[in-house]
Amino acid sequence: AGVITEQGIVRTQAVLCAGGAWSSLLFRRHGLRLPQAGVRSTSFATTQAPQVTDGGLSLPDVTIRRRLDGGYTVGLGGRGTVDLSLQGLLYARQFLPTARKRRQGLTFAVGRSFFHGPEGLANWSLDSVSPFERQRILDPAADPRLVQEGLATLGQHYPELKGLKVAHAWGGLIDSTPDGIPVISPVDAVPGLYLSTGYTGHGFGIGPGAGRLAADLVAGDPPIVDPHPFRYSRMVDGTDLGAPGMM
7 AGVITEQGIV
17 RTQAVLCAGG
27 AWSSLLFRRH
37 GLRLPQAGVR
47 STSFATTQAP
57 QVTDGGLSLP
67 DVTIRRRLDG
77 GYTVGLGGRG
87 TVDLSLQGLL
97 YARQFLPTAR
107 KRRQGLTFAV
117 GRSFFHGPEG
127 LANWSLDSVS
137 PFERQRILDP
147 AADPRLVQEG
157 LATLGQHYPE
167 LKGLKVAHAW
177 GGLIDSTPDG
187 IPVISPVDAV
197 PGLYLSTGYT
207 GHGFGIGPGA
217 GRLAADLVAG
227 DPPIVDPHPF
237 RYSRMVDGTD
247 LGAPGMM
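Letter by letter, the sequence shown follows residues 7 to 253 of my numbering.
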């Protein structure tokens with residue numbers, strides 16, 4: 007096993023791919039299927055506000071977390087934009103149940119990502135410039151419409167939060183799997199290759215445990231939890247993935 011870098015080849019016994027939204031593109035370059043969809047999401051931080059919760063709170067349409075600066079970090083549950091892409095068309099059948107379930111919260115768009123970025127069907131030789139070098143930082147803009155909807159929703163749930171101001175907003179590309187469960191697993195077709203991806207927006211919460219599981223698998227240690235639900239093979243062997251989820 008090994009990794010090709012700009013400084014040369016790094017030889018190793020094991021490689022862990024934790025490429026987020028880029029993972030499917032990298033796998034496809036090496037002849038491996040990885041059904042994954044990118045969802046552009048938006049979150050924002052408010053200015054100082056009355057305290058309605060000490061910690062985090064998840065409501066059906068919005069999530070909030072109290073910040074040390076006296077404001078809130080706000081996310082919108084189940085809301086986002088799916089950019090139609092060649093990769094999306096390739097795996098559309100597996101994501102169709104999810105798209106139907108989430109259709110009220112999703113917006114579909116067409117742009118440069120149809121051919122470029124993590125979900126384009128790019129190919130490259132191992133000694134040429136890769137798509138990851140052409141776009142080193144994946145930083146989509148926040149959706150102003152969703153920011154305003156989030157503020158309005160907060161005011162509906164908590165009248166004392168009406169009139170809040172936005173301190174700053176940001177976007178991100180959520181790497182989603184058809185069943186909403188990440189892949190943390192060896193890839194049997196390529197000995198020495200391991201995968202950690204598809205966190206569907208929950209990486210901040212489960213990251214420490216997921217990192218420990220990935221480390222256990224790579225090191226050959228007893229896994230901290232049963233790795234079976236996170237196996238890569240379920241993505242490609244026709245396994246019934248059960249109830250769909252995306253965000």
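All residues carry an ideal CB built from backbone N, CA and C; glycine is no exception.
Taking DSSP as the reference, what is the three-state secondary structure of residue i?
i: Ile212; result: helix
i: Arg17; result: strand
i: Pro188; result: coil
i: His174; result: strand
i: Ser91; result: coil
i: Ala225; result: helix
i: Gly86; result: strand
i: Leu22; result: strand
i: Leu40; result: coil
Residue i and residue j: beta carbons closer than 8 Å?
i: Gln93; j: Ser30; result: yes
i: Val80; j: Leu160; result: yes
i: Gly84; j: Arg108; result: yes
i: Gly207; j: Ser47; result: yes
i: Ala148; j: Val88; result: no
i: Leu90; j: Phe120; result: yes
i: Phe236; j: Ile180; result: no
i: Cys23; j: Thr245; result: no
i: Leu219; j: Val231; result: yes
i: Gly156; j: Phe50; result: yes
i: Gln54; j: Asp75; result: yes
i: Gly61; j: Arg72; result: yes
Looking at the secondary structure, which residues open and close the beta strand (DSSP E) in which residue i lies?
i: Thr104; result: Run containing Thr104: none in the beta strand (DSSP E); it sits in the alpha helix (DSSP H), 98-107.
i: Phe236; result: Note, Phe236: premise wrong, no beta strand (DSSP E); not H, not E.
i: Leu63; result: 62-64
i: Arg71; result: 69-72
i: Ile10; result: 8-11
i: Arg46; result: 43-52
i: Val80; result: 78-81
Give the range of the alpha helix (DSSP H) segment to which residue i is assigned.
i: Leu201; result: Counting along the chain, Leu201 falls outside any alpha helix (DSSP H), though it belongs to the beta strand (DSSP E) covering 199-203.
i: Arg34; result: 29-35
Buried or exposed: residue i, going by 16 or more other Cβ atoms within 10 Å of its Cβ?
i: Val242; result: exposed
i: Met253; result: Confidence in Met253 is poor, its pLDDT being 45 and thus under 50, which makes the residue's placement too unreliable to answer from.
i: Ala98; result: exposed
i: Leu40; result: buried
i: Pro184; result: buried
i: Thr59; result: exposed
Whole runs of the alpha helix (DSSP H) within the segment 116-170, excluding any shorter than 4 residues = Counting only runs of 4 or more residues that sit fully inside the segment 116-170, the alpha helix (DSSP H) segments are 137-140, 150-163, in chain order.
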